[in-house]
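Heads up: the sequence shown begins at 33 in the numbering used here, then just goes up one per residue. Think of the CB as a built atom: it goes at the ideal place given N, C-alpha and C, for glycine as much as any other residue. Presented below is the structure to which this report refers.
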Amino acid sequence: MSTDEIKRSGDGTEKIDSLNGENKNFIELEIDKDLAEGRYDHVQTRFPPEPNGYLHIGHAKSILLNYGLAKEYGGKFNLRFDDTNPTKEKSEFVESIKEDVKWLGADYEDRLFFASNYFDQMYEIALKLIRKGKAYVSDLTAEEMREYRGTLTEPGKNDPMRDRSVEENLQLFQEMKDGKYADGEKTLRAKIDMTSSNINMRDPIIYRVAHLTHQNTGDKWCIYPMYDFAHPIEDAIEGITHSICTLEFEDHRPLYDWVVREAEFPQPPRQIEFAKLYLKNVVTGKRYIKRLVEDGIVDGWDDPRLVSISGLRRRGYTPSSIKKFVEMAGVSKSQAVNDYAALEYCIREDLKPSCSRMLAVLNPLKLVIDNYPEGQSEELEAPNNLENEALGSRKLTFSRELWIEREDFMAEPVPKYKRLYPGNEVRLMYAYFVKCVSYETDDAGNVTVVHCTYDPQTKSGSGFEGRKVKGTIHWVNAQDAVQLPVRLYENIIDEEKGVYNEDGSLNLNPNSLTTVQAWCEPALKEAKAYDRFQFVRNGFFCADSKDSKDGAPVFNRIVSLKSSFKLPKK
Ligand code: ATP
Ligand code: MG
33 MSTDEIKRSG DGTEKIDSLN GENKNFIELE IDKDLAEGRY DHVQTRFPPE PNGYLHIGHA
93 KSILLNYGLA KEYGGKFNLR FDDTNPTKEK SEFVESIKED VKWLGADYED RLFFASNYFD
153 QMYEIALKLI RKGKAYVSDL TAEEMREYRG TLTEPGKNDP MRDRSVEENL QLFQEMKDGK
213 YADGEKTLRA KIDMTSSNIN MRDPIIYRVA HLTHQNTGDK WCIYPMYDFA HPIEDAIEGI
273 THSICTLEFE DHRPLYDWVV REAEFPQPPR QIEFAKLYLK NVVTGKRYIK RLVEDGIVDG
333 WDDPRLVSIS GLRRRGYTPS SIKKFVEMAG VSKSQAVNDY AALEYCIRED LKPSCSRMLA
393 VLNPLKLVID NYPEGQSEEL EAPNNLENEA LGSRKLTFSR ELWIEREDFM AEPVPKYKRL
453 YPGNEVRLMY AYFVKCVSYE TDDAGNVTVV HCTYDPQTKS GSGFEGRKVK GTIHWVNAQD
513 AVQLPVRLYE NIIDEEKGVY NEDGSLNLNP NSLTTVQAWC EPALKEAKAY DRFQFVRNGF
573 FCADSKDSKD GAPVFNRIVS LKSSFKLPKK
């Protein structure tokens, strides 16, 4: 499916099962080849997060890609926590990751795994490598290791202990495991080639001593496998066929292949790399999001200003909008930059037909209809969404005093201004034509009240054709409107200045969050967490899932209605 062919179904809940369409991406072409050549007879993929933070939009791409490929080829998709690095706070991250993956619709069924479950097998494989003369225990310190490694232009030097006997290596590795050595005192290295042009192949460390308590395995181990050794083994044990990762691992692929070959797995997985999703002027890296959270700049990992998956969820994004976005971004080997505006486009398209269009005034100014009798009120019918009749209609009350947007009145109108100004007539949405007759100001000259007269003949839906007006504005009835907090967001980064300062700190936008007290039609008071609405002319809004005000909702603006985003041409 190309970007300009994206179609949507009425309720916005359609499933996107793959990130592709008629034009297969390069990964699918590789898979097709593997299946045709009989290298594999099925497809099995996985998403392997490290539980050291919350997931973000980049991870969503990886999740949906891996899950989509499994679905497309009738295969299976695993969720595996890459917990080879003992860290704290793990269970919170594990739980949030599970929730996010499920929310995106990537169903791993009963295939939830932990790399730490394979520590015994990894240890056995390390022994096997030692016995094959393919691994040895090194005494080099980290600093010596660096000196021996060489550089991009110079080959490395052999480790003085490289030719230790198998027996000695087995004994020393046993002693490493038994806790005889301090952290960093000994390592186990793969015996590959210190002169390789690929530094990753210069006898990489595969086990290190680390006296750390692991969340899953407790104190059972004081040696832990390194990522480049552990990851291919995890894949192979789970029967993964295509191990899809991002480009920074391209240079590690020879090592990946070396590990699965030397470990003698009968049907080794293969690694395929694609370019990371990168959003222009948006903080995506886990490390940076973590910093914003820890520095208290945002309200946790799910702050609606973040592109963490939980932040996007809380902001009001839907899984299908995120799927559409990653689909539009495509899968490629070359690094591209994506616009946040494209993500906004996707959520707008998703919500346009599915949300009710409600009235809320974010920046209120009082409007008084001088010729509307005091104490009188009437009910008006308002369709919930003209694009989607199934959403029905609702009743609004109308009376003499209303709230309108401050921007919808100008005492001295600028050229082409079509809204209210002295002497001008506009339509009040779903109601009547009103004409501005005067206005009041306070001592500072600020407009405090706008006075109008209305024409009873012009009631909406009455078929009145006597004259036309150029502007239509929205309003709420002051008598029954409810005041609710509404949060308006801007990029947390000052886009003019770019994401990072010279010292590596983030260029924060001080105006990334503004809370206004909006006057809303009464029905909005009943909104429940995650209920989404269009507030006419003001954007799409979602009832916050964490905060409320005296039992009434707090709304987050998901996205405004206007867009600068254009769908790319084919
Ligand atoms: P970060 O770069 O934010 O620190 P990470 O790569 O360290 O993330 P992991 O938990 O190691 O996070 O990643 C899990 C999987 O998600 C990996 O396969 C990784 O390649 C993939 N991934 C991470 N960031 C992106 C991204 N921006 N686009 C696509 N895939 C990504
Ligand atoms: Mg990582």
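Cβ distance (whole Å) where residue i is taken to contact residue j below 8 Å
i: S409; j: S388; result: Going by Cβ atoms, the distance from S409 to S388 rounds to 22 Å, so no, they are not a contact pair.
i: V339; j: V369; result: Actually they do not touch by this definition, with Cβ atoms about 14 Å apart.
i: I590; j: Y213; result: Wrong, their Cβ atoms sit about 54 Å apart, outside the cutoff.
i: I238; j: M258; result: 5 Å
i: E437; j: L399; result: Not really, about 10 Å apart at Cβ, beyond 8 Å.
i: K491; j: Y453; result: Not really, about 23 Å apart at Cβ, beyond 8 Å.
i: N201; j: I162; result: 5 Å
i: Y140; j: I269; result: Actually they are not in contact, since the Cβ atoms of Y140 and I269 sit about 16 Å apart, beyond 8 Å.
i: A262; j: A222; result: About 12 Å separates the two Cβ atoms, so there is no contact after all.
i: K312; j: D267; result: Actually they do not touch by this definition, with Cβ atoms about 32 Å apart.
i: I265; j: V291; result: 7 Å
i: A550; j: A575; result: Going by Cβ atoms, the distance from A550 to A575 rounds to 13 Å, so no, they are not a contact pair.
Enclosing beta strand (DSSP E) for residue i [first to last residue]
i: M390; result: S388 to M390
i: Q299; result: Per DSSP, Q299 belongs to no beta strand (DSSP E) and is neither H nor E.
i: S275; result: H274 to T278
i: N110; result: K108 to F113
i: F587; result: A584 to V591
i: N370; result: No beta strand (DSSP E) holds N370; DSSP gives it neither H nor E.
i: I24; result: Outside the modelled stretch of the chain, which goes from 33 to 602, sits residue 24, for which no answer is possible.
i: W435; result: E433 to E437
i: A167; result: A167 to S170
i: Q511; result: Looking at the DSSP string, Q511 is not in any beta strand (DSSP E), and its letter there is neither H nor E.
i: Y471; result: F465 to T473
i: Q549; result: L545 to C552
i: G90; result: First-last for G90: I89 to E104, but that is the alpha helix (DSSP H), not the beta strand (DSSP E).
Range of the contiguous alpha helix (DSSP H) that encloses residue i
i: L67; result: F58 to A68
i: A158; result: F151 to R163
i: G250; result: Premise fails: G250 is in no alpha helix (DSSP H) and is neither H nor E.
i: E410; result: Note, E410: premise wrong, no alpha helix (DSSP H); beta strand (DSSP E) at S409 to P415.
i: Y288; result: R285 to E294
Whether residue i touches residue j by CB criterion (8 Å)
i: F573; j: V518; result: yes
i: S170; j: M154; result: no
i: S592; j: R337; result: no
i: W507; j: L412; result: no
i: N98; j: F125; result: no
i: N478; j: C468; result: no
i: I63; j: L111; result: no
i: T504; j: M442; result: no
i: L538; j: V482; result: no
i: G3; j: V241; result: Look at the range of the chain in this structure, 33 to 602, and you will see that residue 3 is not part of it.
i: A374; j: F357; result: yes
i: T316; j: I89; result: yes
i: L279; j: A361; result: no
i: L3; j: K557; result: What the structure shows of the chain is the stretch from 33 to 602, and residue 3 is not part of that stretch, so it cannot be assessed.
Residue environment, residue i, which counts as buried when at least 16 other CB atoms sit within 10 Å
i: K500; result: exposed
i: D132; result: buried
i: H74; result: exposed
i: F58; result: exposed
i: S41; result: The predicted model places S41 with a pLDDT of 32, which falls under 50 and marks its position as unreliable, so this point remains unresolved.
i: L144; result: exposed
i: N588; result: buried
i: R347; result: buried
i: H243; result: exposed
i: Y532; result: exposed
i: G188; result: buried
i: S352; result: buried
i: G85; result: buried
i: S366; result: exposed
i: G328; result: exposed
Minimum Cβ-Cβ distance from residue i to chain C less than 8 Å
i: G536; result: No chain C is part of this structure, which consists of one protein chain only.
Self-check item: Sequence-ordered residues whose beta carbon comes within less than 5 Å of a heavy atom of the ligand ATP
Solution: P81, E82, G90, H91, K93, S94, C277, T278, K308, L309, G317 and K318
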